[in-house]
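Notes for the one structure printed next.
Number of protein chains: 2
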Amino acid sequence: MTHFNITAIGNAIVDVLAKVDETFISNNNLQKGGMTLIDEDQAEAIYSNMPPAIEKSGGSAANTVAGLVSLGGSAAFIGKVKNDQLGAIFTHDLKSLGVHYTTTPSQNGLSTARCLISVTSDAQRTMATFLGATKEITKNDIDEEIIENSQVIYLEGYLWDEQNAKDAMREAVRLALKHGREIALSLSDSFCVTRHRTEFLELIKNSVDIVFANEAEVTELFNNSNVIESAKELSKICKVAAITLGSQGSLIISDDGVYVIEAGKNLNVVDTTGAGDLYASGFLFGYTQGYSLDECGRIATIAASEIIQHMGARPEVSLADLK
Amino acid sequence: MTHFNITAIGNAIVDVLAKVDETFISNNNLQKGGMTLIDEDQAEAIYSNMPPAIEKSGGSAANTVAGLVSLGGSAAFIGKVKNDQLGAIFTHDLKSLGVHYTTTPSQNGLSTARCLISVTSDAQRTMATFLGATKEITKNDIDEEIIENSQVIYLEGYLWDEQNAKDAMREAVRLALKHGREIALSLSDSFCVTRHRTEFLELIKNSVDIVFANEAEVTELFNNSNVIESAKELSKICKVAAITLGSQGSLIISDDGVYVIEAGKNLNVVDTTGAGDLYASGFLFGYTQGYSLDECGRIATIAASEIIQHMGARPEVSLADLK
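As given, the protein sequences belong to chains A and B, one line each in that order.
According to the working numbering, the first sequence is numbered sequentially starting from 751.
According to the working numbering, the second sequence is numbered sequentially starting from 751.
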């Protein structure tokens, strides 16, 4: 089998993106800047209130592999769509990049997941996610041969919201440890951290090498509003802690030391959807090439800077040309 | 019933847009700059070769009503989707603009139409269209009350490619004439003109007030490579001939005289998809407000200039703010 720099396990989602007024967020009971889980009826109700939208493949970990491959890396993805039109779109958009994606689509039940993304004029994105077919993933979808042939297994924290998905993640962790592979985890969202704090801490301590978090997520994880203290706490229980700080840049902490990475400059920020996902793309590309952590942070910043300058969370140009 | 500035009858299509190399066009046997009709198997084959794409509602006449409403006008649309995910997207994107759209979706048969749009680095768009459910339209879908309450009935030339759709168009023409409404026609595509030259000429002579065409279409209609001569020929058989000339601007010819309209200046042209459709939006907005033909041309140019500066054929900002 081909060798992969990373295999990512995450929710297979098509994004529905629209520019909205601030009032849209409050009128639809959304948490600005956060991710709210919704059922199909809520999805219909919010969608019917949305302005005209565009559809673009998304999903946090799937965005990360799309970015990594655009940088020149190799990747596999594990996540569940239904055998429907949106599932075909999601599948096409990954496979056409050269991502190895063979998870069997579900034939019945809920439709392919979609994330309604409301982008306000401050470029902030607010998400409402109907998980749909992603809930059908089981540990049988975790292909041992793929895990064995990957340098790093990348886990999306969002998957902790569903028992089946959590079981699949635990299976991926078991297989990664069995084959001596490294494990990376994205904390995904501060509300997601609130929901799963204890399990995340236990998982990180026992199994995870690299953790990606933003300020809200890492402070929530340690219930400590000081981001530097929280980041240091995190670095004590994993190998590398990569903390994104929005327009302030990012921090990478490991036994080697603390690296302060500057943010991109002179950016025309349009939509922050996918900023964290693409930071992980760049970091993991550099990491799996054996680059220094400083260099990993530099490439991470380039990838994140591209994604926030247009609508949607998949690169619009070859990231390899930017690094 | 509400009064509408225009009612448009056209193919209900979701666009699948991707940036491609020139070789993609030849490798997939597409006519650069044109529109090729394809079946579902060909759509699958071409799509599988396409890079990652975005999905955005399209359809020539539907784009025109979206633009007209964005300018502040009122519109209805008649066109057929299937009751599937892409049909729901198309319907949402029109209704959320305030367009009156009540055509019953088909429940069985082919899926909602999609147009695979390949955008090359010269911003030219090449289209391959799977007509799908649009073929299910019949004359029963033409609502007399809507026609009666519309100032102008706008017909998309592309619909001449299917017998059912053509019958529906002829019914719309009959009802428009019965109620003394004006009729506008877009010639759509030069290959479409080749296929239907005789019928288009007959239709224009007998029923059409306003004709929209680009250089390739009007010269093809009269089999005369001189665009000025062809435009004058056209103006003899209708009330207003609006001829778009790409970066050269446009010509509007009527009994009142000939108006030469300058093209937009300092444009960052990204994707010409929808340029003609949005020209018609602006023209018909002005026309139904009773503006001078010169002013209609000016607004048409503003609308077309917005659409070619981003991917896709639906406005990304309120056009009312630009006029």
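All C-beta atoms, glycine included, are put in the ideal place defined by N, C-alpha and C.
As the structure is a computational prediction, the values presented were derived from the model and not from experiment.
Secondary structure of residue i, DSSP reduced to three states
| i | result |
| --- | --- |
| Ile-960(B) | strand |
| Gln-901(A) | strand |
| Asp-1012(A) | The question names Asp, yet the displayed sequence has Glu at residue 1012(A). Correct three-state label for Glu-1012(A): coil. |
| Tyr-1029(A) | helix |
| Lys-832(A) | strand |
| Thr-752(A) | coil |
| Ser-1068(A) | coil |
| Glu-912(A) | coil |
| Lys-806(A) | strand |
| Ala-992(B) | strand |
| Ser-985(A) | helix |
| Ser-820(B) | helix |
| Ser-940(A) | helix |
| Ser-846(A) | coil |
| Ser-856(A) | strand |
| Ser-1055(A) | helix |
| His-946(A) | helix |
| Gly-1047(A) | helix |
| Thr-814(B) | helix |
Counterpart residues of residue i in DSSP-defined beta bridges
| i | result |
| --- | --- |
| Cys-865(B) | Asp-765(B) and Thr-879(B) |
| Tyr-797(A) | None, per the DSSP bridge assignment. |
| Phe-827(B) | Ala-758(B) and Tyr-851(B) |
| Gly-1007(A) | Ser-1004(A) |
| Leu-787(B) | Thr-879(B) |
| Glu-932(B) | Val-902(B) |
| Ser-980(A) | Looking at the DSSP assignment, Ser-980(A) forms no beta bridge with any residue, so it has no partner. |
| Ser-776(A) | The partner list for Ser-776(A) (beta bridge, DSSP) is empty, contrary to what the question assumes. |
| Ser-1042(B) | In DSSP, Ser-1042(B) forms no bridge with anything. |
| Ser-997(B) | Paired residue(s): none; Ser-997(B) is not in a bridge. |
| Ser-975(A) | Bridge partners of Ser-975(A): none, in fact. |
Cα-Cα separation, residue i to residue j
| i | j | result |
| --- | --- | --- |
| Asp-891(A) | Thr-852(A) | 9 Å |
| Met-785(A) | Thr-879(A) | 7 Å |
| Ser-900(A) | Phe-754(A) | 5 Å |
| Asp-939(A) | Val-819(A) | 24 Å |
| Gly-829(B) | Leu-1069(B) | 24 Å |
| Cys-865(B) | Val-764(B) | 6 Å |
| Leu-1017(A) | Ile-1058(A) | 8 Å |
| Asp-791(A) | Leu-881(A) | 12 Å |
| Gln-857(A) | Lys-832(A) | 6 Å |
| Ile-804(B) | Asp-1005(A) | 42 Å |
| Ser-1023(A) | Ile-887(B) | Looking at the sequence shown, residue 1023(A) is not Ser but Thr. Rounded to whole angstroms, Thr-1023(A) to Ile-887(B) spans 39 Å at the Cα level. |
| Glu-970(A) | Pro-855(B) | 48 Å |
| Arg-947(B) | Ala-963(B) | 13 Å |
| Ile-759(B) | Ala-816(B) | 13 Å |
| Arg-945(A) | Gln-913(A) | 13 Å |
| Ala-918(B) | Ser-957(B) | 15 Å |
| Ile-897(A) | Thr-884(B) | 45 Å |
| Ala-915(B) | Asn-761(B) | 9 Å |
| Ser-861(A) | Met-877(A) | 18 Å |
| Ser-985(B) | Glu-967(B) | 14 Å |
| Ala-981(A) | Ala-922(A) | 26 Å |
| Ala-992(A) | Val-943(A) | 16 Å |
| Ala-795(B) | Gly-1062(B) | 22 Å |
| Arg-875(A) | Gly-1026(A) | 12 Å |
| Asp-834(A) | Leu-836(B) | 10 Å |
| Ile-978(A) | Leu-995(A) | 11 Å |
| Ala-1050(A) | Gly-859(A) | 38 Å |
| Ile-903(A) | His-850(B) | 50 Å |
| Tyr-1029(A) | Phe-840(B) | 33 Å |
Chain-ordered chain D contacts of residue i [CB-CB under 9 Å]
| i | result |
| --- | --- |
| Gly-1062(B) | Chain labels in this structure do not include chain D; the protein chains are A and B. |
| message | Within 8 Å, do at least three Cβ pairs link the segment 952-961 of chain B to the segment 932-939 of chain B? | response | At 8 Å Cβ cutoff, the stretches touch.
| Taking one C-beta from the segment 1031-1047 of chain B and one from the segment 774-785 of chain B each time, how about it: are there three or more such pairs within less than 8 Å? | Fewer than three pairs of CB atoms, one per stretch, sit closer than 8 Å, so the segment 1031-1047 of chain B makes no contact with the segment 774-785 of chain B.
| query | So does the segment 808-820 of chain A actually touch the segment 901-914 of chain A, counting three or more Cβ pairs closer than 8 Å? | reply | Inter-segment contact for the segment 808-820 of chain A and the segment 901-914 of chain A is present: three or more beta-carbon pairs are separated by less than 8 Å.
| Looking at C-beta atoms only, is the number of pairs between the segment 1000-1020 of chain B and the segment 1046-1058 of chain A that lie closer than 8 Å three or more? | No, they do not touch.
| query | What are the residues of the segment 829-851 of chain A that lie near chain B, defined by any Cβ-Cβ distance shorter than 7 Å? | reply | Residues Asp-834, Gln-835, Leu-836, Ile-839, His-842, Asp-843, Ser-846 and Leu-847.
| field | Contact between the segment 769-776 of chain A and the segment 915-932 of chain A (3+ Cβ pairs under 8 Å) | value | Output reads no: the segment 915-932 of chain A does not touch the segment 769-776 of chain A.
| query | Using a beta-carbon distance cut-off of less than 9 Å, what residues from the segment 798-810 of chain B approach chain A? | reply | The residues in question are Ser-798, Asn-799, Met-800, Pro-801, Pro-802, Ala-803, Ile-804, Glu-805, Lys-806 and Ser-807.
| field | Near-chain A residues of the segment 869-891 of chain B - C-beta to any C-beta below 9 Å | value | Within the segment 869-891 of chain B, no residue qualifies.
| task | Pair every Cβ in the segment 788-804 of chain A with every Cβ in the segment 834-853 of chain A, then say whether three or more of these pairs are closer than 8 Å. | result | Contact between the segment 788-804 of chain A and the segment 834-853 of chain A is absent, because fewer than three Cβ pairs lie under 8 Å.
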